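Under my numbering, the letters of the sequence shown match residues 4 to 430, in that order. Note that CB positions come from ideal geometry on N, CA and C, so glycine has one too. Here the structure is a predicted model, which is why all the values come from computation and not from measurement. Written below as structure tokens is the structure these notes are about.
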Amino acid sequence: MAEFEKYDIVTGLPYYGDFEKSSKELIATGADKLFALVSTDIGNFKFINHIYGFDKANSLLKSLVEILSDEETGCVLSCRTHSDHIVSLFTYCGRKSDFQDIIDSISTKFVKTNKSKYSSTSLHLNNGIYFFESSEDDFSVSFDKANIARREAKGNYKISSVAFKDDMLGKKENASRVVVMFESAYRSERIEVFLQPKIDITSKKIVGAEALSRIYSEDGEIIPPDTYIPVLENTGKIVDLDRYVMKVVFELVQTWKTMRCTCIPISINLSRMHFYEKKVADKIYKTFSRYNIDPSLIEFELTETLFCSDSETILKEVNKLRAYGFRVSIDDFGVGLSTLGTLAALPIDTIKFDRSFVTSCMQNNKSFEILKGLVGVFKRIDYDVICEGVETAEQEKLVFECGCDVVQGFYYDRPMPIKDFNLKYIS
Ligand code: C2E
Ligand code: CA
Ligand code: CA
């Protein structure tokens, strides 16, 4: 390897300027070789720094560099651009997919090597790959493309590497537009909380509601959540949205109590991003304690993937939420079915079956039997169950036959503004 004047103290790697210069030379003189640029970061590194402190987090970074620079990987040169971001130049032979397998095996080795030393968190690498098409490719553009691909890998625990594709450029622009839109809506109070009822099938009475955010465009049109939620998740902005929803819900329940109305439990979606901050349960409780309401009227819906990572810290925080008296449910249950092995040990109250269960039940008898079996097991071990996405009387009948007594879906009502919800459901 070339000698450089200065090296990063933590990793012993050269600085970006030297890395870029050297990489360009290697590419220019290696016309017979195939090159790829890989941008790597450690998932939840901020959180690892918080939990373990800088020294231990730095050791993890060193371990990553060691694994990356193993001769067999084909890594020629690496550098740390900042924090936990490492960019490396590789040479590879054969198919691109074989090279991607090598990158995935680096991730597996990294997790295996360090798992026992960092057991409070689930370790994960995000890798973005840019395959050079020719030695003429602009190096800094290639670097940007590797980073764009790395961001695509983020948030998906089943994937550790993503190769750059041209259509990702459009997505990047879209993400920036969404963040600007959200911040402007937040400032100018164009965010509203809608409620969708949860209904007991037998009594036809309301037993709860889910709070769902709605953002209005400047022209007063509702922007579909699916177009902004994934971006807000990836950028961490979702935390601000959820906190806003929380305050609105706490205020609403407080108003119901003051007006002596019948209070029903409301569930709030809590993104996994909250759990990357320290003491999330304490923070939520601090806000909550400004209101004079019963915590059992608040339920937090957490997605199944949150429990896939075997992170002790996450489980501790979820346990704490329950210790404060809040209820906790698994949302979209069944989408990943990755929690089956650990279900019995999870600190939760309710299982919320994903809409896909309801639709597949209509299509074949096997799915019906599966739902029926699962509902039976969950009820026996004292979990509440609810099916979401019930759109017709026939679907309601089917899930009822499976043993599920509570449903949420368009059959009863779509999510609606609080004003309308109060008129219809709150006396
Ligand atoms: P989700 O948590 O699974 O919420 C239920 C979604 O299913 C809602 O979509 C609701 O309108 C829709 N839905 C309810 N019943 C039916 C039905 O019978 N048929 C069909 N086809 N759909 C039904 P929505 O409001 O568009 O929200 C989509 C997703 O966005 C939510 O899925 C949730 O993951 C996320 N989301 C929405 N608001 C928030 C929020 O404030 N914070 C967070 N973290 N996520 C949110
Ligand atoms: Ca939900
Ligand atoms: Ca759901």
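Relative to I301, the option among E6, D44, D352, L235 whose CA is nearest is D352. N295 sits in coil when the DSSP states are folded into three classes, being neither helix nor strand. In this chain, the alpha helix (DSSP H) harbouring H53 covers 48 to 71. Our two residues, I70 and L305, have alpha carbons roughly 34 angstroms apart in a direct line. Per DSSP, the unbroken alpha helix (DSSP H) holding C364 starts and ends at 358 to 366.
Between L92 and L40, the CB-CB gap stays under 8 angstroms.
Between S220 and V248, the C-beta gap is not smaller than 8 angstroms, which leaves the two residues out of contact. As the crow flies, the alpha-carbon of D357 is around 30 angstroms from that of R180.
Around the Cβ of R98, a 10 Å sphere holds fewer than 16 other Cβ atoms; the residue is exposed. Taking the Cβ of D87 as the reference point, every heavy atom of ligand 3 lies at 7 angstroms or farther away. Taking all protein chains shown into account, C96 has fewer than 16 neighbouring C-beta atoms within 10 Å of its C-beta and is therefore exposed. In this structure, ligand 1 has no non-hydrogen atom nearer than 7 angstroms to the beta-carbon of I209. Annotated three-state conformation of H127 is coil, per DSSP. By DSSP's assignment, G211 forms a beta bridge with K201.
The beta carbon of E391 sits closer than 7 angstroms to at least one heavy atom of ligand 3.
Remark: the C-beta of D352 is outside contact range of ligand 3, defined as less than 7 angstroms to any heavy atom. Between the beta-carbon of C78 and that of Y18 there is about 17 angstroms, and that puts the pair past the 8 angstroms contact cut. In the structure shown, T353 adopts extended strand secondary structure according to DSSP, grouped into three states. For ligand 2, the residues with a Cβ under 6 angstroms from any of its heavy atoms are, in chain order, E213, N272, E304, D334.
The C-alpha of I202 lies about 23 angstroms from the C-alpha of I296. In this model, R325 and D169 are separated by some 45 angstroms (Cα to Cα). The shortest C-alpha to C-alpha distance from K161 to any of G46, V409, C407 is the one to G46.
The segment 137 to 146 and the segment 102 to 119 do not touch, with fewer than three beta-carbon pairs separated by less than 8 angstroms.
Relative to ligand 1, I269 has its C-beta separated by 7 angstroms or more from all heavy atoms.
No residue range can be given for N159, since it is assigned to no alpha helix (DSSP H) and is classified by DSSP as neither H nor E. By the C-beta density criterion, D44 is buried, having at least 16 other C-beta atoms within 10 angstroms. In this structure, DSSP gives S137 a state outside helix and strand, which the three-state scheme calls coil. Cα atoms of S270 and A152: separation of roughly 34 angstroms, rounded to the nearest angstrom. Excluding five sequence positions before and after V182, the CB atoms of its chain that fall closer than 8 angstroms to its own CB belong to V234, L235, T238, K240, given in chain order. Taking the Cβ of D141 as the reference point, every heavy atom of ligand 1 lies at 7 angstroms or farther away. If you look at D245, you'll find it in the alpha helix (DSSP H) that goes 241 to 261. The beta carbons of A149 and V90 sit closer together than 8 angstroms. For A188, no beta strand (DSSP E) run applies; the uninterrupted alpha helix (DSSP H) run containing it begins and ends at 171 to 190, by DSSP. Assignment of L40 by DSSP, reduced to helix, strand and coil, places it in the strand class. For F336, there is no enclosing alpha helix (DSSP H); the enclosing beta strand (DSSP E) has its first and last residue at 330 to 336. Taking all protein chains in view, the Cβ of K355 is crowded by 16 or more other Cβ atoms within 10 Å, so the residue is classified as buried.
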